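Undergrad:
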Amino acid sequence: MIPTVDRETWWTARRAFLDEEKEFTRARDRLSARRRELPMTEVSKTYTLRGPEGPVGLEDLFAGRRQLIVYHFMAKFSPTEWCPICSFWVDNIGHLAHFRARDTEIVVVSPEDLADGLAYRDAMGWSLPWYSCADSDFYDDLHQVLDDGGEPEAPGISAFLRDEGRVLYAYSTFRRGSDILNGTYNYLDITPLGRQETDPEDPMGWLRPHDSYDGACDTADERACGCHA
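Quick note on the working numbering: the sequence shown kicks off at 2 and runs consecutively.
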């Protein structure tokens, strides 16, 4: 049985921890401000990607907006298995209207065939614009390593800015750097059991595409999720 305390003791501990949370929030605000002050570099290389309407360049991904966020979806694990980690992150992106209200487009770019990518997107119920970089160097150039850890791991996200006809590359983050962008993780972090990732060798090994969990949704979700099939 989990030990408990009286309400006054609980409140005292909660208030003390609140001071730490506030300092963390202020530190995060300072770090975000410094991130926005980082230098940017112009993307001078021409990339040809493929979208539903045919070949497009990097600037086309902005859809006329000032800013662009690219989610770099990993290559498939097998002919039929898409990356469950990337799927988890894309599930957590949220409604596109909120990005577009801030003059920002967010898209997925995958190194796989466009038709396969669009089919997977539609099967998962996502509405994000989806592009293939299978015939370009975009995936290799952007999915780069920032430390000595070897090959980059999912997920990866990059940010770009349009400025007077130029495309500027502002930022990329990979691995744990993208944790803050995942709403499910942040919700789980406030629960008593947390993320429940107990395997240090494979902490994210529990992840599945959202339609592949065994009984993870209730009957109200049955039409949207295949776990009852």
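We put the CB at the ideal spot given by N, CA and C, even for glycine.
All values reported here derive from a predicted model rather than from experimental measurement.
(1) What would DSSP say about Gly184, mapped onto helix, strand or coil?
(2) From what residue to what residue does the beta strand (DSSP E) around Ile1 run?
(3) Between which residues of its own chain and Phe114 is the CB-CB distance below 7 Å, once the five residues before and five after are set aside?
(4) Take the Cβ of Ser213 as the centre, count every other Cβ of all protein chains shown within 10 Å, and call the residue buried at 16 or more, exposed below.
(5) By a C-beta neighbour count over all protein chains shown, 10 Å radius and 16 as the cutoff for buried, is Pro102 buried or exposed?
(6) If you draw a straight line from the C-alpha of Asp190 to the C-alpha of Leu169, how long is it?
(7) In terms of DSSP beta bridges, what is His73 paired with?
(8) Leaving aside the five residues before and after Lys77 along the sequence, list all residues of the same chain whose C-beta is less than 6 Å from its C-beta, in chain order.
(9) Tyr121 lies in the alpha helix (DSSP H); which residues open and close that run?
(10) At the level of alpha carbons, what is the spacing between Cys198 and Ala171?
(11) Assuming Ser33 is part of the alpha helix (DSSP H), what are its boundary residues?
(12) Spatial neighbours of Met125 within its chain, please: CB distance less than 8 Å, with the 5 preceding and 5 following residues excluded, ordered by chain position.
(13) Check Arg66 in the structure and name its three-state DSSP category.
(14) Buried or exposed: where does Ile181 fall if 16 or more other Cβ atoms within 10 Å of its Cβ makes it buried?
(15) Kindly give me the distance between the Cβ atoms of Ser179 and Pro156, rounded to whole angstroms, as I take these residues to be in contact under 8 Å.
(16) What first and last residue would you give for the beta strand (DSSP E) that runs through Pro1?
(17) Can the beta-carbon of Trp131 be found less than 8 Å from the beta-carbon of Gly118?
(18) Where does Glu22 land, buried or exposed, given buried means 16+ other C-beta within 10 angstroms?
(19) What's the C-alpha gap between Val110 and Val71?
(20) Assuming Val44 is part of the beta strand (DSSP E), what are its boundary residues?
TA: Judging by the given coordinates:
(1) helix
(2) With the chain covering 2 to 230 only, the question about residue 1 has no answer from this structure.
(3) The question names Phe, but residue 114 in the sequence shown is Asp. Contacts found: Ser133 and Ala135.
(4) exposed
(5) Correcting the residue type first, residue 102 is Ala in the shown sequence and not Pro. Exposed: under 16 other Cβ atoms inside 10 Å.
(6) 34 Å
(7) Val110 and Gly157
(8) Trp83 and Glu113
(9) Leu115 to Met125
(10) It is Glu, not Cys, that sits at residue 198 in the sequence shown. Near 32 Å, if we compare the C-alpha coordinates of Ala171 and Glu198.
(11) Arg8 to Arg37
(12) Ser88, Val91, Asp92, Pro210, His211 and Asp212
(13) coil
(14) exposed
(15) 5 Å
(16) For residue 1 there is no data in the structure shown, the boundaries of the chain being 2 and 230.
(17) yes
(18) exposed
(19) 7 Å
(20) Taken as a continuous stretch (DSSP letters only), Val44 belongs to no beta strand (DSSP E), as it is neither H nor E.
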